[in-house]
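For reference, the structure discussed in these notes is given below.
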Amino acid sequence: MRKNTTLVVWQDSYALGLEEIDRQHKMLFDIMNRLWAAILDNAEGRRLNTILEDLEHYTVLHFTEEETFMRSIGYPDFDGHVAYHQKFVRKLMEEKEAAHAGRTISLELIHFLRDWLVNHILVEDKRYAAQFRSEQGSSSLLGRFFARRR
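In our numbering, the protein residues as written are 421 to 570.
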């Protein structure tokens, strides 16, 4: 029996139409798939810890860039979105610390990571992308001003 080493597959429906952010989301999927493959391979703790650290570092980088973008467009739910990011990073850090202490990575974490990221992109990230696209359509200063007030 062949194990499925793909935890999450990028789908066109996940695309925000923001090239750099979409590329970063794909990279997060790749890192999560590496983690899943390592778990299926019964990889040693060092390999798992390295992948968890990669995931944590890349996630923090991505969230920082995404938050900078949201701030630049005046996204009205900025604080709420950042709170979602913080929750994700906290969960990831807790699991990374547990793995460093020798505990195995839980399937709960794997499902949390996959489900959180997919749902976050499809719901939360789509909101700021939609705002950005609507404001891009307003080329005048007044059009952009009133688009932010909707």
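Note that the Cβ used here is the ideal one computed from N, Cα and C, for glycine as well.
Pick from the options: whose alpha carbon is nearest that of residue i?
i	options	result
His445	Asp499, Trp536, Pro496, Gly494	Trp536
Thr426	Gly437, Glu555, Val480, His531	His531
Arg547	Ile493, Ser526, Lys507, Ala463	Ile493
Leu527	Arg443, Met447, Leu460	Leu460
Arg443	Glu485, Asn462, Ala463	Glu485
Would a C-beta distance cut-off of 9 Å place residue i and residue j closer than the cut-off?
i	j	result
Glu487	His501	yes
Tyr434	Val538	yes
Ile441	Phe489	yes
Ile525	Glu517	no
Gly465	Ala519	yes
Apart from the five residues on each side of it in sequence, which residues of its chain come closer than 8 Å, Cβ to Cβ, to residue i?
i	result
Ala458	Arg467, Leu468, Ile471
Ile451	Ile471, Asp474, Leu475, Tyr478
Asn462	none
Report all residues from its chain with a CB closer than 7 Å to the CB of residue i; omit the five preceding and five following residues, and keep chain order.
i	result
Leu512	Leu475, Glu476, Thr479
Leu533	Met452
Trp456	Thr425, Leu427, Ile530
Leu436	Asp442, Asp545, Lys546, Ala549
Arg491	Phe498
Just to check my reading of the structure: residue i and residue j have Cβ atoms closer than 8 Å, yes? What is that Cβ distance to the nearest angstrom?
i	j	result
Asp438	Ala550	The question names Asp, yet the displayed sequence has Leu at residue 438. Not quite, the Cβ-Cβ distance comes to about 11 Å (not below 8 Å), so this is no contact.
In chain order, what residues of the same chain lie with their CB nearer than 6 Å to the CB of residue i, ignoring the 5 residues before and after it?
i	result
His505	Phe483
Arg454	Ile471
Phe449	Val428, Trp430
Phe552	Ile493
Pro496	none
Is it right to say residue i is buried, meaning 16 or more other beta carbons lie within 10 angstroms of its own, or is it exposed?
i	result
Lys507	exposed
Leu529	buried
Leu481	exposed
Asp432	exposed
Asp545	buried
Counting only C-beta atoms, is residue i closer than 9 Å to chain C at any point?
i	result
Gly494	The structure shown contains no chain C; it holds only a single protein chain.
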